[in-house]
Amino acid sequence: MTANVDIVIPARYASTRFPGKSLVAIKGKPMIERVYERASQAKLARRVIVATDDQRIADVVKAFGGEWIMTGGDHNTGTDRLAEVARRLEDTEIIANVQGDEPLISPDSIDAAISPLLEDDQVEMSTIAYPLRKRSMIEDPSIVKA
């Protein structure tokens with residue numbers, strides 16, 4: 000199966016744990032740019048879009064030549080922000096959700112999450128995960144569990 004696959008990176012400035020995290024420099028580049036670069040290396044997606052409600056983030060994305068969509072500011076989660084963007088993307092068939100605080104995400108991992116959706120029409124959702132072996136990580140509410 001071939002499909003129009005887009006990667007959406009939800010990014011907000013007003014993070015409760017680390018405000019402005021998306022714009023923190025990592026080796027001279029804002030984190031959002033690092034994430035965008037990694038996502039752009041995925042082979043199975045045609046484009047990468049940052050979904051943000053903050054003009055500062057949009058300005059940074061524009062400065063490095065990236066694509067962005069402004070969203071409402073009333074979303075509880077990045078997935079809610081992504082859902083708003085999904086409703087606005089007319090020819091997108093598959094959306095890969097890459098978190099804006101994953102500057103080291105492997106492009107191969109992104110492709111591994113997309114691949115099952117392309118290979119089998121019955122597959123509706125795919126995710127990447129790894130086992131948590133430390134009890135502290137298992138009990139940490141800020142660590143997403145699959």
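Going by numbering that gives the first Met the number 0, the first residue of the sequence shown is number 0, and it counts up by one from there.
Backbone N, C-alpha and C define an ideal beta-carbon position, used for all residues, glycine too.
Since the structure is predicted, the reported quantities are computational estimates derived from the model, not experimental observations.
Short Cβ contact (8 Å threshold) for residue i with residue j
{"i": "Asp5", "j": "Ala44", "result": "yes"}
{"i": "Thr51", "j": "Thr70", "result": "yes"}
{"i": "Val143", "j": "Gly99", "result": "no"}
{"i": "Val59", "j": "Leu22", "result": "yes"}
{"i": "Leu131", "j": "Ser125", "result": "no"}
{"i": "Ala38", "j": "Ile109", "result": "yes"}
{"i": "Ala112", "j": "Ala95", "result": "yes"}
{"i": "Ile68", "j": "Arg55", "result": "no"}
{"i": "Pro106", "j": "Ala13", "result": "no"}
{"i": "Asn3", "j": "Asp90", "result": "yes"}
Which residues DSSP lists as bridging residue i, in chain order
{"i": "Met69", "result": "Thr51"}
{"i": "Asn96", "result": "Val7"}
{"i": "Pro29", "result": "Ala24"}
{"i": "Arg46", "result": "Asp5"}
For residue j and residue i, believed in contact at Cβ under 8 Å, the rounded distance
{"i": "Ile31", "j": "Val49", "result": "6 Å"}
Check: residue i C-beta below 7 Å from any heavy atom of the ligand FMN
{"i": "Ser125", "result": "Ligands in the displayed structure: none, and consequently the ligand FMN is not present."}
Chain D contact for residue i (CB, 8 Å cutoff)
{"i": "Asp5", "result": "Among the chains of the structure shown, chain D does not appear; only one protein chain is present."}
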